[in-house]
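To get the numbering used here, take the position in the sequence shown, counting from 1, and add 104. Working notes for the structure below.
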Amino acid sequence: MPSADEVREAQRRTWAGLAPGWDRWDGVIQHQLGPVGVAMVAALEPGDRHRHLDVASGTGEPGLTVARLVPAGRVTLTDISPEMLDVAGRRAAAEGLGNVETRVAGADALPFDDASFDGVTMRFGYMFLPELRRATTEMVRVLRPGGRLASSVWVRPDDNPWTSLVLEAVAAEIPLPPRDPDAPSMFRCAAPGTVEALYADAGLRDVSGHDVEVELVTTSPEVYWDMISEHVSLVAAALAGAGPSQRDRIAHRTRDALAAYQDDDGTVRVPGVARVVVGTR
Ligand SMILES: C[S@@+](CC[C@H](N)C(=O)[O-])C[C@H]1O[C@@H](n2cnc3c(N)ncnc32)[C@H](O)[C@@H]1O
């Protein structure tokens with residue numbers, strides 16, 4: 105079992121490698137994940153001078169959504185990967201958002217004073233952390249009393265064909281090792297109540313969760329394949345072990361499986377479900 109430091113280092117390397125894919129496919133990714141960010145931010149009800157922390161912010165969401173909503177507020181985006189945060193910083197600058205700062209930091213050692221934020225978000229970050237309880241305690245520590253934490257995780261693979269159909273195509277070609285339930289992976293927090301229990305253990309009150317449906321839309325199966333293999337952590341890891349002809353066969357199988365999700369004009373729409381969990385300090 106790798107140590108917490110080894111997990112963090114492996115994550116740093118993984119996301120440095122995935123950052124160009126997240127940059128390139130930003131429009132498609134944000135279209136897909138946008139409804140999850142909107143649900144998280146709505147639950148926070150940010151006021152005009154809201155001080156916000158977005159943890160595992162990657163290329164900036166949902167922190168940038170908060171920044172657009174509260175021009176007189178202040179938003180701090182943190183992530184363990186400087187490469188992902190660089191993309192976030194460029195996006196903020198391109199939009200002229202003057203109320204955003206970025207800071208490289210791991211979720212389980214946040215370099216901020218106690219009670220210094222009105223709201224904290226973490227969209228699709230929990231699954232990759234070495235110490236989920238410690239990170240939750242940290243996020244609660246930096247939240248002011250009455251402030252809210254909103255996070256999201258993917259529910260089970262069967263409800264997320266947008267990624268599981270590729271993983272099934274990979275598994276048909278390459279024997280995948282049995283999944284370690286404690287190792288970072290997209291579906292690690294899929295069991296109902298996982299995040300709710302972390303919140304309750306960290307002392308949050310009024311904890312509630314609800315599911316949000318998403319849809320990954322690409323103009324063709326070929327575009328779907330390019331984008332999914334360049335930015336999804338589990339898929340990229342699985343494909344790293346494939347040779348060129350295996351990769352071709354996996355791409356072929358994936359395109360066959362996508363037929364069920366294709367419109368007459370070739371557009372591909374593959375659904376998924378995330379769980380948003382909110383709690384108040
Ligand atoms: C799936 S991305 C989510 C990015 C963004 N929040 C979004 O929803 O678009 C996961 C992010 O978690 C970050 N991450 C992984 N381990 C981390 C850790 N220990 N502390 C902080 N961030 C971490 C990665 O660098 C990556 O940017």
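Just so it is clear, CB atoms sit at the ideal spot from N, CA and C, and this is done for glycine as well.
Keeping to the same chain, check which residues put their C-beta closer than 7 angstroms to that of residue i; ignore five residues upstream and five downstream.
i, result
"P166", "G141, M144, V145, D158, T225 and R227"
"V244", "L253, A306, G307, L308 and R385"
"R115", "The sequence given here places Gln at residue 115; Arg does not occur at that position. Contacts found: I184, F232 and P288."
"L236", "Y230 and L302"
"G223", "L148, P150, H154, H156, G251 and R252"
Use the C-beta contact count for residue i: other C-beta atoms within 10 angstroms, 16 or more gives buried, fewer gives exposed.
i, result
"M105", "exposed"
"D109", "exposed"
"E199", "exposed"
"S107", "exposed"
"E242", "buried"
"A171", "buried"
"A209", "buried"
Let me make sure I understand the geometry here. Which of the options has the alpha-carbon closest to that of residue i?
i, options, result
"C280", "E272, G383 and P186", "The sequence shown places Leu at residue 280, rather than the Cys named in the question. If we check each option's Cα against that of L280, E272 comes out closest."
"I329", "S268, R178 and A295", "According to the sequence shown, residue 329 is Trp rather than Ile. The shortest C-alpha separation from W329 is found at S268."
"P375", "A355, A364, T322 and V318", "V318"
"A346", "H335, A276 and A211", "A276"
"P215", "Y230, G202, A239 and M231", "A239"
"V132", "V270, A340 and W266", "W266"
"E205", "S220, A211 and R178", "R178"
Given residue i, which residues of its chain have a CB within under 6 angstroms of its CB, disregarding the five upstream and five downstream residues?
i, result
"V259", "A294, V377 and R379"
"T169", "G141 and V145"
"D218", "R245"
"W119", "S185 and M188"
"D310", "T384"
"P249", "R385"
Give the range of the beta strand (DSSP E) segment to which residue i is assigned.
i, result
"R292", "Run containing R292: none; DSSP gives neither H nor E here."
"A342", "Careful: A342 lies outside any beta strand (DSSP E), inside the alpha helix (DSSP H) at S337 to A344."
"H156", "R155 to D158"
"S312", "R309 to T322"
Report all residues from its chain with a CB closer than 8 angstroms to the CB of residue i; omit the five preceding and five following residues, and keep chain order.
i, result
"T371", "V321, T322, T323 and S324"
"D130", "T163, V191 and R195"
What are the boundary residues of the alpha helix (DSSP H) that residue i is part of?
i, result
"A213", "Here A213 belongs to no alpha helix (DSSP H), and DSSP marks it neither H nor E."
"D190", "P186 to A198"
"S268", "P265 to E277"
Answer yes if the stretch 307 to 315 comes into contact with the stretch 356 to 376, meaning at least three C-beta pairs across the two stretches below 8 angstroms, and no otherwise.
no
Below 8 angstroms, can you find three or more Cβ-Cβ pairs linking the stretch 299 to 306 to the stretch 329 to 338?
no
For ligand 2, residues whose Cβ lies under 6 angstroms from any non-hydrogen atom
For ligand 2, the structure offers nothing, since it holds only ligand 1.
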